[in-house]
Amino acid sequence: MGLTSAKLTRTAVLVLGLCGSLAAAPKLRLARATFGPYSIATGSNDVPQVIEAYNAGDGSLSLTASSSVPWLNPSVGASQGCRTLAQPACLPIQIAFQTASLPNGAYTGEITVSDPNAIDAPQIITVTVKIGGGIPDRLDLYVAPNGSSASTSVSTSSYVSFSTTTGGTWPWLAVAASGFGSFSYGVTYNVTGTHQSGMAEGDYSGSIGFFGSSFEPDNKTVQVQLHVTSQPIADAGQPINFRMVQNSAKQTLTLNVNNRGLAGLTVSGVTTSGGAWLSAGNPGTAIDLSIDPTGLSPGVYTGSVTVTSNAVNDPVTVPVRLTVIAQSAPFTYFGGAVNIATYRATDSVAQGDIVSVWGEQLCDQPRSATAVPLDTQLGPTRVLVNDQPAPLYYASSGQVNIQVPFETAAGEAVVRVERDGQVGNGVSMQVTDRAPHILPIPSSSYGIIWNWSQNNAFPMPPTPGYPSARAHAGDVFVIWVIGLGQGSPAVATGAGAPLPPDPLSRVLVSLKVHFGDRFSDSSIDADPLDVVMTPTLVGVYQVSVLVPQDPPKGDFVPLYLDLGSARLSNQVLVAIE
């Protein structure tokens, strides 16, 4: 999946759609897309809560709200003055809870806010509640006697005060708030136990006192046990969440069971609960999981995977949640049209840029372009940008990679995915003439940069799997970039850039390459030797530059591009010695 060039085969799973003109179209905005973790007393329906929506476009919104679970009952109120947003008018999305029959535990559902005539709609609000509260009576943490740490999290409906005690000479227990919240939206606290120098193997007792919560059951003292042990410690990771289309093909994944301990870990078995939709096999440190939605109605299904082993914390259980969605037209996520370098929805994209569109039911199966010029259809799927078909690199159920047509006008554009003639929702995307982004090495902060002076090695510390070496002053870098707009001579949308002996397509812009942090006085800039559209590729550029004399040195030297007028690229790392 990803680009047609093997050198750039790396694009995460995203999906988006495209639509017509923004003129006279309402545009949905929500105050928040998440709600919770929110504590509710056992046997209670609690008081309704509100998330505000407003129109960032023209016309007027006509919203409806639906829920994926029976314990959430959303509705849309009449327009009123905004209470949480600096907008003249808002529509309140009222969330009523039907939770009285739920046993203690954590529950998650989705509220879909829709308007078929609005841009950036529908949008999904994820709601998480903790029946009985989000603070347990006891926590057990397991660490090896080598300075390692173990963490878990608890949640409250609002910020609270807390104090810790360890009853000994070692301050091994720490608590810190994670993220932001209010009474309505919840706060998560990370609890960490760390082995301290001098601590022998054994069990250490501590406690955390939480107080000041508006939810009285959360005002309690939590007993914490730190188990320092050389025995194996099993870690099967975080809860697993799936979204699948009703009656779609089953999906498989590998559940990795890691050992945070010192002695060898042996997995002896694995079981599942929740229903026939969840199964597991190949018990070991790499367990095969299968999730099959066949025959399931739309809704949320919960289950778990339990791993048994010789670990001191045996057994280990991983919660699994499956959300089954009805078959429908393509659905593009809000903010789902993003460049393939940073994947940030807040970044503008350029005319001719490479964009990943994220969503659901975008294509029938994974499909890749096989030739250049790129076609505007892969199997049953097309993507429209302001009603113009865009060239496609790759399409799957959850992601389509496109080239933004050079003809797209600067400003807000609308993207919509079409599958089997069904046209999906439209999402907005900010387009400009040039929006530079340096392509990163996958799962790395280093950039895709060839050091021409070292046989095109990546200028990074020696790294297994990559030709890599630290660079020096005077070396020539070739920086792989997207988002630099049209070149000269111009290249047609979807076409590969010309290859010699034809004239190269050069980008005639004033551009600087900066070595060093953009906020540091020690940053040095250099003029590029050349800026060209990469021959035979679509939408990819090469910026050649000489590493200046006396550059910043080290394994973590920032590098970025500056087009002036506050148009800066993302920052990647290089290693220079």
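Per the numbering used here, residue 1 is the first one in the sequence shown, and the count goes up by one each step.
Where a beta carbon is used, it is the ideal one built from N, C-alpha and C, also for glycine.
In whole angstroms, what separates the C-alpha of residue i from that of residue j?
i	j	result
Thr294	Thr252	14 Å
Asn456	Phe515	19 Å
Gly261	His227	11 Å
Gly359	Ala395	11 Å
Ile441	Arg470	16 Å
Val338	Pro464	30 Å
Asp58	Thr64	18 Å
Trp172	Gln196	6 Å
Val491	Gly336	27 Å
Phe183	Gln87	The pLDDT assigned to Phe183 is 38, lower than 50, so where the model puts this residue is not dependable; a value taken from the coordinates is nonetheless given after this. Distance between the alpha carbons of Phe183 and Gln87 is about 22 Å.
Arg382	Pro405	13 Å
Val306	Thr271	The question names Val, but residue 306 in the sequence shown is Thr. Computed Cα separation, rounded: 5 Å.
Pro319	Asn241	9 Å
Gln238	Ser488	50 Å
Ala311	Thr229	10 Å
Tyr393	Ser273	40 Å
Thr164	Gly105	25 Å
What three-state label does DSSP hand residue i in the structure shown?
i	result
Ser101	coil
Asp203	strand
Pro585	In the structure displayed, the chain extends from 1 to 577; residue 585 sits before or after that span and is not available.
Asp550	coil
Thr306	strand
Val540	coil
Leu378	strand
Asn570	coil
Val372	coil
Lys250	coil
Glu587	Given that the chain is displayed from residue 1 to residue 577, the structure contains no residue 587 and the question cannot be resolved.
Arg344	coil
Asp555	strand
Ser297	coil
Gln422	strand
Asn258	strand
Asp562	strand
Trp358	strand
Ala233	The displayed chain sequence assigns Ile, not Ala, to residue 233. Reduced to three states, the DSSP call for Ile233 is coil.
Val69	coil
Cys82	coil
Glu577	coil
Gln223	strand
Gly193	strand
Ala177	strand
Taking the CB atoms as reference points, tell me whether residue i and residue j lie closer together than 8 Å.
i	j	result
Gln399	Val357	yes
Val513	Val545	yes
Thr84	Glu110	no
His473	Pro366	A quick correction: the sequence has Ala, not His, at residue 473. Their beta carbons are not under 8 Å apart, which means Ala473 does not touch Pro366 by this criterion.
Asn259	Ala234	yes
Ile93	Leu72	no
Ile482	Val557	no
Ile131	Leu102	yes
Thr308	Pro298	no
Gly426	Ile438	no
Gly275	Gly303	yes
Ile449	Pro459	yes
Val431	Gly494	no
Ile287	Thr254	yes
Leu561	Val574	no
Ile51	Leu30	yes
Arg506	Leu568	no
Val154	Val191	yes
Pro528	Leu511	yes
Val224	Leu141	yes
Phe97	Ile135	no
Arg419	Gln361	yes
Gln542	Val478	yes
Pro551	Ile524	yes
Ser205	Gly167	yes
Between residue i and residue j, how many whole angstroms is the CB-CB distance? I'm expecting something under 8 Å.
i	j	result
Ala350	Gly485	5 Å
Gly424	Phe334	Between Phe334 and Gly424 the Cβ distance is about 13 Å, and since that is not below 8 Å, they are no contact.
Gln246	Ile325	7 Å
Thr156	Phe215	7 Å
Val69	Thr99	With 8 Å as the limit, Val69 and Thr99 do not qualify as a contact, their Cβ atoms being about 10 Å apart.
For the ligand HEM, any of its heavy atoms closer than 7 Å to the Cβ of residue i?
i	result
Pro122	What this structure holds is no ligand at all, so the ligand HEM is not there to describe.
- prompt: Quick one: complete beta strand (DSSP E) runs, 3+ long, within the stretch 432 to 465?
  reply: 449 to 451
field: Length-filtered (3 minimum) beta strand (DSSP E) runs lying within the stretch 475 to 528
entry: 476 to 482, 512 to 515, 524 to 526
Length-filtered (3 minimum) beta strand (DSSP E) runs lying within the stretch 114 to 158: 123 to 131, 138 to 143, 149 to 156
message: If we require 4 or more residues per run, which alpha helix (DSSP H) segments fall completely within the stretch 264 to 289?
response: none
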